[in-house]
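Notes follow the structure.
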Amino acid sequence: MIAESGHYALVLALGLALIQSIVPLIGARLNDAALMNVARSTALAQLLFVGASFVALVMLHVNSDFSVANVYENSHSMKPLLYKITGVWGNHEGSMLLWVSILALFGGLVAAFGNNLPLSLRAHVLAVQAWVASAFYLFILVTSNPFLRIANPPIEGRDLNPVLQDIGLAVHPPMLYLGYVGFSISFSFAIAALMEGRIDAAWARWVRPWTLVAWIFLTLGIAMGSYWAYYELGWGGWWFWDPVENASLMPWLSGTALLHSALVMEKRNALKVWTILLSILTFSLSLLGTFLVRSGVITSVHAFATDPTRGVFILLILCLFIGGSLALFAGRATSLKQGGLFAPISREGALVLNNLLLTVACAVVLFGTLYPLAMEMLADFKMSVGAPFYNLTFAPLFAMLLLAVPFGPMLAWKRGDLLGVTQRLLAAGVAGLVAVAIVWGWARGGSALAPLAIGLGVFVIAGAVTDIVERTGLVRLPFATVLHRARGLPRSAWGTAFAHAGLGVALIGIVCETTWNSEYIATMKQNGVAQIAGFDVKLDGLLQRQGPNYREMIAQFNVSRDGQPLSVMTPSKRSFTTRGSSTTEAALLTRGASQLYISLGDATAEGAIAVRIYYKPMVLMIWWGPVLMAFGGVLSLSDRRLRVGAPKPARAKQRLQPAE
Amino acid sequence: MTRKQRRMTIIGGSLAVLALAAALVLNALRDSIVFFSTPTMVAEKHVEPGKRFRLGGLVQPGSLQRGDNLAVTFEVADGNAKLPVAYKGILPDLFREGQGVVAEGALDANGVFKADTVLAKHDETYMPKDVADALKKQGHWKDDYGGKPADSGKSSNSGKTSDAGKPAATTAQGNPQGAVR
C-alpha cells in the first residue's frame, strides 16, 4: 500500500504542477487575482504530495520492503538504519525523487514567503517553477518510477553499493541538490521578468537571497563531496576533474558570477540583461549536470550504466528549457531598459571583470567536459581530458581572478580610484610578497609556482582583512570608535570579507597539498616501521571483526614522532558479502591543518599487508576555505537589507499596470 | 569617457579575456589530452613509446603476477590482442582477473605498458563503458562479460552504482597527485 500511495501522490503532484503551469498565467493575462493566487495553493499542495511520496519511499526502505524493485536493488535488511534512509537517494530513482522534492520545497517557500512579491510576478515565477517540476515528474513517472513492484518478491535485498554506505551520502547529495535546484528560483524569476518585460532593482533584491541560499548549499555540497572522496576512496585524492564533479563546479562558477552581477543590479540598476542571462545559464548548467550524471552519458570514474531512454528524456528536457529560455531571452532582452552608467574602473567594473573571468573559466570547464563526448560522437575516437588540461587553462584564469579579488570591494561605485586602492592594498601586497619569500627560502622541492601561488593566497586573505580594517578605521581611530563602527558595518561587508578570505585559504591548502604531499607505499610486516615526513608509523598487527553487513580487517598502527608516541591509527578494509565487493576505510590523524593518512591494500599470504601512507600538509585548508565562504554567505544573507525585503513603491506601481 | 567609449572598453576587455582563454585551451589541447586504446588498436596503430594513453580491456585470466615491493604485472586482452602491463602500487579493491580494467600510462621500449594509474569499478558485474564499446565493435562481446551495459533496463541495475555524484570507483594511483598536477 505504501508504494502505491507514494506513486499516487507523485501522480497527483504532477496534476497539480500542470494546473500551476497554466492557470496562474491565464490569471496574469486577465489580471484576475483569484486565478493568479491558484499558484500559491498548488505550490504548497505540490510540496505536500511530493513530500508524502518521498516519505513513502523512505518508509519502504526503512521497512526493507523487498517487493519494491528499488528497495530490493539498493537495500539489505542488515543494513544500519542510517544507510537504509540515505540509501533512498543513493540510487537513480530515489535521487530523482529527492531532486523534485527539493524543487517543490523551493516552490513552496516562494509561495509561503512571497507575500510581498508583486502578485503577477509571483504567479509567473511559480508557473515557470511548475513547468520544470512537470517535466521532471513526467521523467520520474515514465522512466524512473521508484515504486515499481516485483512480481515475486525476493527475501533479501542486494544491498547498497558499499562505497555509498557512509555518512557522506547523508549530507552530500541533499546539499548538492539544494544548491542545484535552488538555482531554479533565480531561473524562474528571470523567465518571469522576461515574460512580464519588466525588471528593476527590487527584482534583484528578491532574487539575490535565493541565489545566495543555493550558492551556500552548493559550496558546502561540493566541499563535502570532495572531502568524502578524499577519505573514502583510499588514495587521498580530493578532486578528479571528473565530468560529474565538473557538473557541480560549473553551476557554482556561474552561480558565483550571478551573485555578483545581481549585486550590481540591486545597487546600481545596471547589468540587467546580463544578470537575466546568467540566471538562465546557471540553471541550465544545473540541468546539464543532472543530464550528465543521470544519463550515464559520460565514461568517468562516476560512470553509470547507460539507459538510453532516460538519457534521451533528460536531453529533451534540457533542450526544451535551455533552448526555450534562451529564445525568450533573445526575443525579449532588448525590451529591458538599461540603466546605471559606470566607468570601467569602478566597483561595477570590477564586478564585470569578476563575471567575465568566472564565466570564461566556466566555459573552459564546459569545453573540457563536453569535448571528449563530442569527439567520440563525431570523430569516433576516445580520449580523456584530465587535470593537466585544467591546470593549463582553468588555473591561470582563476589566478587572474584571485589577483583582482581584493581590489573589487575597495573600489567605489560608479568611478573608482585604482591608484588609491592600490596604495591601501600595499600592506596586503607586501604580506603576499613576504609569504612568497618565506616559502621560497623554506621549502624544498616542488614547483617554482608554488610559492607564488601561496603568496597570492596570502594577498587575497590580507586584502579581505584590509577591507575590514579600512571600513572600521582600525589603527587610525580610537578603539571604542572602531568597535562601534564594526558593529555598524553591514553584515554583507563581513560576508564579503569572509567569503574572499575563504578563497585564499582554499588556495593555500590546494597548493600545499599538491606540492609537498609525501607518500609511502609498500608492503609492511608486523612490527615493521614506515618513516614518513618525520613520523614513525609502526604496524602493531592485524585483526578481524564482524560488522553489521560486512567483515572487516583492521590494521593497528602506532604513530610516533621523535620517539614520542602520538596516536593509534586503525585503517581497515571491509568486504561486503552481498555485493562481493570491498571498501577501504582510511585512517586519518589530524595535526593542525595537516593530516597523516593511512589506507590498506591487500594482505599477502605471509601476513604482510600493502599500505599507503600519505602526509598531506595543510590539506584541511582546502575544505576550511569553502566553509569560510559559506559562512560569509550566511552572514550576507542575514544582512538587514535582505531581511527588510523589497521596497514598496515597485509593488504599488505594479498594481496599476496591466500585466504584460 | 563617453558612453560609447565605456562600452568599447568593456567589450574590448571581454574579447581580450576570451582570446586569452581560447589560446590557453588550444595550447592545453596540444599535449594534455589522453587517448583511449585497446590492445588491438595499439597493435594496429603502432603507438610510439613514451606517448601517454589509456589502455582498456579485460585482465587476462592467469596473467596476474605479483613481484616484490608491490610490483605487479598482468596482461590486458580484448579478444584479438594482448598487451603486457607493469604497475607498481596497490591495485583497486575490485581489480580481478577476467574483469574490465582501464590503465593509464605509456609503452616502454620493450613494448610493455607501464601504467601509473589503474582504474577498476566498484561492482562485481561492472564493465567499463569504453571496454564494452570496444569489444562490441570488434565482435567479441559475450553476454557473460558481466553487466551488459547495453540492455540495462530494470534487470541490470546492478551494473549501475548511481547516486548523486559520488565517485563510485576506486582508483589506484602510483602517482597519487595525478589528479591535481
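Protein chains in written order, with the working numbering: chain A, 1 to 660; chain B, 661 to 841.
No residue lacks a Cβ here, since even glycine has one placed at the ideal position from N, Cα and C.
Three-state class that DSSP yields for residue i in the structure shown
i: Leu543 of chain A; result: strand
i: Gly6 of chain A; result: helix
i: Thr663 of chain A; result: Chain A is shown only over 1 to 660; residue 663 of chain A falls outside these bounds and no answer can be derived.
i: Glu585 of chain A; result: strand
i: Met59 of chain A; result: helix
i: Gly114 of chain A; result: coil
i: Ala343 of chain A; result: coil
i: Gln665 of chain B; result: helix
i: Leu715 of chain B; result: strand
i: Thr698 of chain B; result: coil
i: Gly625 of chain A; result: helix
i: Gly710 of chain B; result: coil
i: Pro251 of chain A; result: helix
i: Met1 of chain A; result: coil
i: Phe217 of chain A; result: helix
i: Thr570 of chain A; result: coil
i: Leu600 of chain A; result: strand
i: Ser101 of chain A; result: helix
Nearest candidate by alpha-carbon position, reference residue i, set the options
i: Trp215 of chain A; options: A:Ile150, A:Ser286, A:Ser575, A:Leu138; result: A:Ser286
i: Ser41 of chain A; options: A:Trp89, A:Val62, A:Val110, A:Asn31; result: A:Val110
i: Leu271 of chain A; options: A:Trp239, A:Asn354, A:Leu477; result: A:Asn354
i: Ile532 of chain A; options: A:Ile613, A:Leu326, A:Ser384, A:Leu10; result: A:Ile613
i: Trp131 of chain A; options: A:Ile19, A:Leu489, A:Val475; result: A:Ile19
i: Pro699 of chain B; options: B:Val745, B:Asp768, B:Ile750; result: B:Val745
i: Leu328 of chain A; options: A:Leu596, A:Tyr520, A:Ala501, A:Ala193; result: A:Ala193
i: Ser358 of chain A; options: B:Asp776, B:Tyr747, B:Val677, B:Val685; result: This sequence places Leu at residue 358 of chain A; Ser is not what is there. Per the Cα distances, B:Val677.
i: Leu635 of chain A; options: A:Pro490, A:Asp242, A:Gly429; result: A:Pro490
i: Ser101 of chain A; options: A:Lys79, A:Ile167, A:Pro173; result: A:Pro173
i: Glu196 of chain A; options: A:Val125, A:Ile468, A:Arg476; result: A:Val125
i: Ile622 of chain A; options: A:Val312, A:Leu397, A:Gly236; result: A:Gly236
i: Gly580 of chain A; options: A:Asp65, A:Leu60, A:Val163; result: A:Val163
i: Tyr390 of chain A; options: A:Leu373, A:Lys382, A:Val365; result: A:Val365
i: Tyr672 of chain A; options: A:Gly625, A:Ala586, A:Gly632; result: Summary: the structure shown does not reach residue 672 of chain A, with chain A confined to residues 1 through 660, and so no result is reported for it.
i: Asn116 of chain A; options: A:Ala202, A:Thr584, A:Ala431; result: A:Ala202
i: Thr669 of chain A; options: A:Gly107, A:Leu160, A:Ile85, A:Trp99; result: In the structure displayed, chain A extends from 1 to 660; residue 669 of chain A sits before or after that span and is not available.
Bounding residues of the beta strand (DSSP E) (the contiguous stretch that carries residue i)
i: Glu764 of chain B; result: 760-767
i: Asn145 of chain A; result: Looking at the DSSP string, Asn145 of chain A is not in any beta strand (DSSP E), and its letter there is neither H nor E.
i: Ile521 of chain A; result: 518-524
i: Arg294 of chain A; result: Note, Arg294 of chain A: premise wrong, no beta strand (DSSP E); alpha helix (DSSP H) at 272-295.
i: Pro388 of chain A; result: Run containing Pro388 of chain A: none in the beta strand (DSSP E); it sits in the alpha helix (DSSP H), 387-404.
i: Ala530 of chain A; result: 529-532
i: Tyr747 of chain B; result: 742-748
i: Ala731 of chain B; result: 731-737
i: Phe557 of chain A; result: 551-561
Residue i, buried or exposed, once every other Cβ within 10 Å from all chains shown has been counted against 16
i: Ser572 of chain A; result: buried
i: Val142 of chain A; result: exposed
i: Gly672 of chain B; result: exposed
i: Ala34 of chain A; result: exposed
i: Cys319 of chain A; result: exposed
i: Asn817 of chain B; result: Residue placement at Asn817 of chain B cannot be trusted, given a pLDDT of 32 that sits under 50; what the coordinates show is reported in the next sentence. Its Cβ being crowded by 16 or more others within 10 Å, Asn817 of chain B is buried.
i: Ser300 of chain A; result: Confidence is the limiting factor: at Ser300 of chain A the pLDDT is only 39, short of 50, which leaves the residue's position unreliable, though a coordinate-based value still follows. Buried, because 16 or more other Cβ atoms sit within 10 Å of the Cβ of Ser300 of chain A.
i: Gly386 of chain A; result: buried
Whole-number beta carbon distance between residue j and residue i, since they are thought to touch under 8 Å
i: Ser284 of chain A; j: Ile317 of chain A; result: Contact doesn't hold; Cβ gap of about 11 Å is too wide.
i: Leu743 of chain B; j: Phe773 of chain B; result: 5 Å
i: Ser261 of chain A; j: Leu278 of chain A; result: 6 Å
i: Leu220 of chain A; j: Ala247 of chain A; result: Contact doesn't hold; Cβ gap of about 17 Å is too wide.
i: Gln129 of chain A; j: Ser184 of chain A; result: 7 Å
i: Ile96 of chain A; j: Ser144 of chain A; result: It is Met, not Ile, that sits at residue 96 of chain A in the sequence shown. Right, their Cβ atoms sit about 5 Å apart.
i: Gly87 of chain A; j: Ser75 of chain A; result: 5 Å
i: Ser346 of chain A; j: Lys414 of chain A; result: 5 Å
i: Leu178 of chain A; j: Ala112 of chain A; result: Not quite, the Cβ-Cβ distance comes to about 17 Å (not below 8 Å), so this is no contact.
Host alpha helix (DSSP H) of residue i (start-end)
i: Lys84 of chain A; result: 81-86
i: His189 of chain A; result: In the sequence as presented, His is not what sits at residue 189 of chain A; that position holds Phe. Run containing Phe189 of chain A: 167-196, per the alpha helix (DSSP H) assignment.
i: Tyr614 of chain A; result: Segment 609-616 is the beta strand (DSSP E) holding Tyr614 of chain A; no alpha helix (DSSP H) there.
i: Leu452 of chain A; result: 449-472
i: Phe755 of chain B; result: Run containing Phe755 of chain B: none; DSSP gives neither H nor E here.
i: Asn70 of chain A; result: 69-74
i: Ile438 of chain A; result: 426-442
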